[in-house]
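Chemist: Under the numbering used here, the first residue of the sequence shown is numbered 12, with each subsequent residue one higher.
The structure under discussion is supplied below as structure tokens; questions concerning it will follow.
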Amino acid sequence: SPSQESSSPSSTPCSKLTQPSKHDTPNNTVADTSVRAVVEAGFHAAGLIPRAAGEATYMMTAVGMVQAGLGITILPSSAQEIRADPTLQARAIEAVGFVRQISLVKKSGRTLSPLAALFVHHFCDMTAR
12 SPSQESSSPS STPCSKLTQP SKHDTPNNTV ADTSVRAVVE AGFHAAGLIP RAAGEATYMM
72 TAVGMVQAGL GITILPSSAQ EIRADPTLQA RAIEAVGFVR QISLVKKSGR TLSPLAALFV
132 HHFCDMTAR
């Protein structure tokens with residue numbers, strides 16, 4: 012199991028998705044993306060080697076592979092593609108190594124509106140925790 016918080020793999024939130032079964036389900040990845048790098052780092056941090064059965068260029072293609080029964084995929088939770096089919100299930104991965112860096116972007120030389128400045132302050136306060 013990718014979680015290192017428990018010695019019992021079956022006690023993790025995603026245990027049914029991460030434990031090999033009699034018919035081990037391969038995962039499908041999105042090639043050459045930051046998501047792929049995060050997924051591989053997460054697996055390696057857990058001492059696991061991912062077994063990619065297929066690679067897709069676009070997230071929707073990876074979703075299509077899951078819809079066709081070709082395995083599972085790992086996508087960012089912000090991906091709208093995971094909402095494309097109500098029969099698909101998505102679970103958050105809360106494990107060491109599954110971290111994605113994000114940035115606040117601002118045009119240089121411009122001041123922020125009071126509301127935008129408040130958002131930045133709140134965002135920085137929340138991420139400092």
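Just so you know, even glycine gets a beta-carbon here, dropped at the ideal spot from N, CA and C.
All figures in this text were calculated on a predicted structure; none of them were measured in a lab.
(1) Tell me which same chain residues have a C-beta within less than 7 Å of the C-beta of residue 11, skipping the five on either side of it?
(2) With a threshold of 16 other CB atoms inside 10 Å of the CB of residue 50, please say whether the residue is buried or exposed.
(3) I believe residue 84 touches residue 76 by the beta-carbon criterion, under 8 Å. Please report the beta-carbon distance rounded to the nearest angstrom.
(4) How far does the alpha helix (DSSP H) with residue 65 in it reach, from first residue to last?
(5) Mind checking which residues open and close the alpha helix (DSSP H) that includes residue 130?
(6) Relative to the alpha-carbon of residue 105, which residue among 66, 54, 48 and 95 has its alpha-carbon at the smallest distance?
Modeler: To lay it out plainly:
(1) Nothing in the structure corresponds to residue 11, since the chain is present only between 12 and 140.
(2) Counting every other CB atom within 10 Å of its CB across the protein chains shown gives residue 50 a total of 16 or more, marking it as buried.
(3) With a Cβ gap of about 7 Å, residue 84 and residue 76 count as contacting.
(4) Looking at the DSSP string, residue 65 is not in any alpha helix (DSSP H); the run it does join, the beta strand (DSSP E), is 63-67.
(5) 125-138
(6) 54
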